[in-house]
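Q: Submitted below is the structure of interest, expressed as structure tokens.
There are 2 protein chains.
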Amino acid sequence: MAKPATIEDVASLAGVSIATVSRALNEPGKVADTTRRKVIAAVAQTGYTTNAMARNLRTRKSNMILILAPDVGDPNFSNILVGLETAASKRGYGILIGNTQNDPSRETDYLRFISSNQADGLILLTGHLPFGLAAQKPAVRLPPIVAVNEPLPDADIPFVGVDNVEGVRTAAEHLISQGHTRIAFLGRGASAIARMREAGYRKAMEGAGLRIDPSFVLECEGTTEGGRGAVERMFVRDRLPSAFLCVNDAAALGVIISLSARGYQLPRDFSVMGFDDISYASFVTPPLTTMKQPRHDIGAASMDLLLTMLEGIEPRSRQVLLRADLILRNSVAMHRR
Amino acid sequence: MAKPATIEDVASLAGVSIATVSRALNEPGKVADTTRRKVIAAVAQTGYTTNAMARNLRTRKSNMILILAPDVGDPNFSNILVGLETAASKRGYGILIGNTQNDPSRETDYLRFISSNQADGLILLTGHLPFGLAAQKPAVRLPPIVAVNEPLPDADIPFVGVDNVEGVRTAAEHLISQGHTRIAFLGRGASAIARMREAGYRKAMEGAGLRIDPSFVLECEGTTEGGRGAVERMFVRDRLPSAFLCVNDAAALGVIISLSARGYQLPRDFSVMGFDDISYASFVTPPLTTMKQPRHDIGAASMDLLLTMLEGIEPRSRQVLLRADLILRNSVAMHRR
DNA sequence: TTGAAAGCGCTAACAC
DNA sequence: GTGTTAGCGCTTTCAA
Numbered sequence: 342m343a344k345p346a347t348i349e350d351v352a353s354l355a356g357v358s359i360a361t362v363s364r365a366l367n368e369p370g371k372v373a374d375t376t377r378r379k380v381i382a383a384v385a386q387t388g389y390t391t392n393a394m395a396r397n398l399r400t401r402k403s404n405m406i407l408i409l410a411p412d413v414g415d416p417n418f419s420n421i422l423v424g425l426e427t428a429a430s431k432r433g434y435g436i437l438i439g440n441t442q443n444d445p446s447r448e449t450d451y452l453r454f455i456s457s458n459q460a461d462g463l464i465l466l467t468g469h470l471p472f473g474l475a476a477q478k479p480a481v482r483l484p485p486i487v488a489v490n491e492p493l494p495d496a497d498i499p500f501v502g503v504d505n506v507e508g509v510r511t512a513a514e515h516l517i518s519q520g521h522t523r524i525a526f527l528g529r530g531a532s533a534i535a536r537m538r539e540a541g542y543r544k545a546m547e548g549a550g551l552r553i554d555p556s557f558v559l560e561c562e563g564t565t566e567g568g569r570g571a572v573e574r575m576f577v578r579d580r581l582p583s584a585f586l587c588v589n590d591a592a593a594l595g596v597i598i599s600l601s602a603r604g605y606q607l608p609r610d611f612s613v614m615g616f617d618d619i620s621y622a623s624f625v626t627p628p629l630t631t632m633k634q635p636r637h638d639i640g641a642a643s644m645d646l647l648l649t650m651l652e653g654i655e656p657r658s659r660q661v662l663l664r665a666d667l668i669l670r671n672s673v674a675m676h677r678r
Numbered sequence: 342m343a344k345p346a347t348i349e350d351v352a353s354l355a356g357v358s359i360a361t362v363s364r365a366l367n368e369p370g371k372v373a374d375t376t377r378r379k380v381i382a383a384v385a386q387t388g389y390t391t392n393a394m395a396r397n398l399r400t401r402k403s404n405m406i407l408i409l410a411p412d413v414g415d416p417n418f419s420n421i422l423v424g425l426e427t428a429a430s431k432r433g434y435g436i437l438i439g440n441t442q443n444d445p446s447r448e449t450d451y452l453r454f455i456s457s458n459q460a461d462g463l464i465l466l467t468g469h470l471p472f473g474l475a476a477q478k479p480a481v482r483l484p485p486i487v488a489v490n491e492p493l494p495d496a497d498i499p500f501v502g503v504d505n506v507e508g509v510r511t512a513a514e515h516l517i518s519q520g521h522t523r524i525a526f527l528g529r530g531a532s533a534i535a536r537m538r539e540a541g542y543r544k545a546m547e548g549a550g551l552r553i554d555p556s557f558v559l560e561c562e563g564t565t566e567g568g569r570g571a572v573e574r575m576f577v578r579d580r581l582p583s584a585f586l587c588v589n590d591a592a593a594l595g596v597i598i599s600l601s602a603r604g605y606q607l608p609r610d611f612s613v614m615g616f617d618d619i620s621y622a623s624f625v626t627p628p629l630t631t632m633k634q635p636r637h638d639i640g641a642a643s644m645d646l647l648l649t650m651l652e653g654i655e656p657r658s659r660q661v662l663l664r665a666d667l668i669l670r671n672s673v674a675m676h677r678r
């Protein structure tokens, strides 16, 4: 077989019309039993597979989902990606990935997949609409979109992610349950995620009737460097917390490094908590107590939501929040008063 | 604009034929300057974008590359993925990813993208041909393929990856340069990678005129558990090495954990080296000295090779080996005799 | 239950 | 340099 078999080859071999072949394959119920069997046999004999390009052209559907992420190499994203892929594959969809590196021109460029009909829907891990879609009169018609991980500001787009408020609240409550009262929150920031995590912290403190020392809430980027810097700034103060609740594991790691470098013993001298459960959280010394993001589930839920929308069904809820799980390791100790 | 503009809309607006529009867009040289400008203007006005499905159907090309990987969530793969994506995007290609989880039926299933013309080429990070392609009379015609990371056995498929032999040799030579002579290699195994890494170790030892104590070469899987187990088996012996050269960082991590648990101080009592430079290598205590895989470059080189093949150019060499870089951290110390 | 035929939007051969 | 036209392989009316 030099050339792949077409629907015509199958039709003539089975002695039916191409319409019947098409129906036998796509709507088996509408075809007589004996006819269908003949078609199946002919398909097997010719090794026929539907030419997706032709079908897509005709049906204006690609069965492809475009995923835009700032950095697929980031474990946080790559694990969500696995969930996305698994769910898509299960329903016969393929995924197309665009690594945007937060470059607006790249984001816009990937929209060609949408406008050229190569993708039916869009998953955004970027935290914002790509430029071409954001414009008032968008350059491209809006396909079904789901935002993952980070909700989109100023846009009514369905969202799937971890429940940051409840997650950090759980974390803070764990610290409180260990007797800590002077708990610092490192990671105040402008991003939606930072704000929600801080809100969780405040909720827990309030709920426990604990006063928040304003100097215990520090701005800090969610990076190892950020965590490090925050500790340095903290240590010019008189009053010190007994526990550090960090906006994420990367920052917590910086805190641990910085504290260790200052000669403190953890968790004896200070307790530290992170959020995310990144892969090396368990390999730090001491192993980091943190909240685990259900990354695979987040990916799967997002894709399910998007595919549901693609089927024309309005989702029951435009927001899916998944619970983070408390992972007890060794960076938190009972507070000795 | 309820419906997206087609080439006909552009043609009639510009007052030319659809063929001219097509040419103006795809072969600008073949069109008169003034005509081209009219077309460009009409395109801008209508917001036209080529319908990729129609073009693909006509040209029998999809400008899509299928990437098969056992686990995209694995940082080792996800970082290669970034390189692949970047290189593809630069040349106007999109990437389609298939997460196979080493499941043969999933591998085969993804070939539908090939057989249905949705992908022009294939990148394999799986270490073997998918079942549908491996069969004597393959179910699918072989598209251009490049194997990455792990060469395919028994198949003449172009390969791109790190130079494992030279890499481990460099690692061993570093240990030797620090005065170590009793160097153990943990990670003997059947896989191509394990064999090459062991070969690098032997080469270095031979090159330095050092005898290899056969009991110093241990089988062990490239996992933290594997490294742990190997140390335990080692310690029932009388003779102990002064340095552990591990098949990868995961195993090295197990070694460090096991050695630390036994109360040894590293790197004072033993030196440990890994291979890969995984993300938490720098966060272990002591930070791991290792060989860094140029993952991004591996991805980019693979994609470049594949796209070159797709253009019908036979690659100059069917094997691209990239050098691993020595990353000096703190798990290796001068040997005190 | 089946077949004939239109047509999805585009590129490329051919003619002018 | 430009236009006409065939046809890529398929799904889907419409008629029988």
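Line order of the protein sequences matches chains V and R. Under this note's numbering, read the first sequence as residues 342 to 678, first letter to last. Under this note's numbering, read the second sequence as residues 342 to 678, first letter to last. Even for Gly, the Cβ is constructed at its ideal location relative to N, Cα and C.
1) Would you kindly work out how many angstroms separate the C-alpha atoms of D684 of chain R and I406 of chain V, rounded to a whole number?
2) Using beta carbons (cut-off 8 Å, strictly below), is V487 of chain R in contact with chain V?
3) Would you list the one or two residues that DSSP bridges to L409 of chain R?
4) Please report whether the beta-carbon of S353 of chain R lies at a distance below 8 Å from any beta-carbon of chain V.
5) Using CA atoms only, rank isn't needed, just tell me which of V:T649, V:A584, V:A571 is closest to A674 of chain V.
6) Nearest by alpha-carbon distance to S456 of chain R: which of V:N440, V:M632, V:P345, V:R664 is it?
7) Out of curiosity, what's the CA-to-CA distance linking V423 of chain V and R580 of chain V?
8) Which chain V residues are close to R453 of chain R, counting only those with a beta carbon under 7 Å from its beta carbon?
9) Is there a C-beta anywhere in chain R that falls below 8 Å from the one on S599 of chain V?
10) Kindly say whether L463 of chain R, judged by its beta-carbon, lies nearer than 8 Å to any beta-carbon of chain V.
11) Would you kindly work out how many angstroms separate the C-alpha atoms of V336 of chain V and A525 of chain V, rounded to a whole number?
12) Indicate whether at least one CB of chain R lies closer than 8 Å to the CB of L669 of chain V.
13) Indicate whether at least one CB of chain R lies closer than 8 Å to the CB of T449 of chain V.
14) D666 of chain V to E507 of chain R, Cα distance in whole Å?
15) If you draw a straight line from the alpha carbon of N458 of chain R to that of T391 of chain V, how long is it in whole angstroms?
16) Per DSSP, which residues does I524 of chain V bridge with? Please list them.
17) Using a Cβ-Cβ distance under 8 Å, would Q459 of chain V count as near chain R?
18) Report the partner residues of S612 of chain V according to the DSSP bridge assignment.
19) Strictly under 8 Å for the Cβ-Cβ distance: is L516 of chain R near chain V by that measure?
20) State the Cα-Cα distance for the pair M342 of chain R and S353 of chain V, rounded to the nearest angstrom.
21) Any beta carbon of chain V sitting closer than 8 Å to that of F624 of chain R?
22) For Y542 of chain R, which option in R:R364, R:I597, R:L425, R:T511 has the closest C-alpha, if you only look at C-alpha atoms?
23) Take the Cβ of K379 of chain V as the centre, count every other Cβ of all protein chains shown within 10 Å, and call the residue buried at 16 or more, exposed below.
24) Please identify, using Cβ separations under 8 Å, the residues of the segment 433-446 of chain R that lie next to chain V, in order along the chain.
25) CA-CA distance, V351 of chain R and C561 of chain V?
26) Short of 7 Å in beta carbon distance, which residues of its chain neighbour T376 of chain R, apart from the five on each side in sequence? Order them along the chain.
27) Alpha carbons only, please: which of V:N440, V:I359, V:Q606, V:D617 is nearest the one belonging to K633 of chain V?
28) Going by DSSP, what residue range makes up the beta strand (DSSP E) through A531 of chain R?
29) Count the other C-beta atoms from every protein chain shown that fall within 10 angstroms of the C-beta of A410 of chain V, then say buried if there are 16 or more, exposed otherwise.
30) State yes or no: is the C-beta of L437 of chain R within less than 8 Å of the C-beta of G468 of chain R?
A: Taking the coordinates as given:
1) The first residue shown for chain R is 342 and the last is 678, placing residue 684 of chain R beyond what the model contains.
2) The Cβ of V487 of chain R sits no closer than 8 Å to any Cβ of chain V.
3) Beta-bridge annotation (DSSP): L409 of chain R is paired with R:G439, R:L465.
4) Chain V contact via Cβ: absent.
5) For the residues V:T649, V:A584, V:A571, the minimum Cα distance to A674 of chain V belongs to V:A584.
6) The closest CA to that of S456 of chain R, considering only V:N440, V:M632, V:P345, V:R664, is found on V:P345.
7) Those two C-alpha atoms are separated by around 45 Å.
8) Result: T390.
9) Interface criterion not met: the Cβ of S599 of chain V is under 8 Å from no Cβ in chain R.
10) For L463 of chain R, no Cβ of chain V is located within less than 8 Å of the residue's own Cβ.
11) What is shown of chain V runs 342 to 678, which leaves residue 336 of chain V out entirely.
12) Interface with chain R (8 Å Cβ-Cβ cutoff): L669 of chain V is excluded.
13) Using a Cβ-Cβ cut-off of 8 Å, T449 of chain V does not count as an interface residue toward chain R, since no Cβ of chain R sits closer than that to its own.
14) Taking the straight line joining both Cα atoms gives about 43 Å.
15) If I take the Cα positions, the gap works out to 9 Å.
16) Listed as beta-bridge partners of I524 of chain V by DSSP are V:A584.
17) Taking Cβ atoms only, chain R reaches closer than 8 Å to Q459 of chain V, which makes this a yes.
18) Bridge partners of S612 of chain V: V:A584.
19) Cβ-Cβ to chain V under 8 Å: no for L516 of chain R.
20) Only weak support is given to the placement of M342 of chain R: the predicted model assigns it a pLDDT of 44, under 50, and the value that follows is read from those uncertain coordinates. Approximately 42 Å between the Cα atoms of the pair.
21) At a cut-off of 8 Å, the C-beta of F624 of chain R has a neighbouring C-beta in chain V.
22) Taking only the C-alpha atoms, the option nearest Y542 of chain R is R:T511.
23) K379 of chain V sits buried, since 16 or more C-beta atoms from the chains shown fall within 10 Å of its C-beta.
24) Contacts with chain V (Cβ-Cβ distance below 8 Å) from the segment 433-446 of chain R involve G435, I436, L437, I438, G439, N440, listed in chain order.
25) In this structure, the CA atom of V351 of chain R is about 52 Å from the CA atom of C561 of chain V.
26) The residues are V357, T361, A365.
27) With distances taken between Cα atoms, K633 of chain V lies closest to V:D617.
28) First-last for A531 of chain R: undefined, no H or E at that position.
29) A410 of chain V is buried by the Cβ-count criterion.
30) Contact check for L437 of chain R against G468 of chain R fails: the beta carbons are separated by 8 Å or more.
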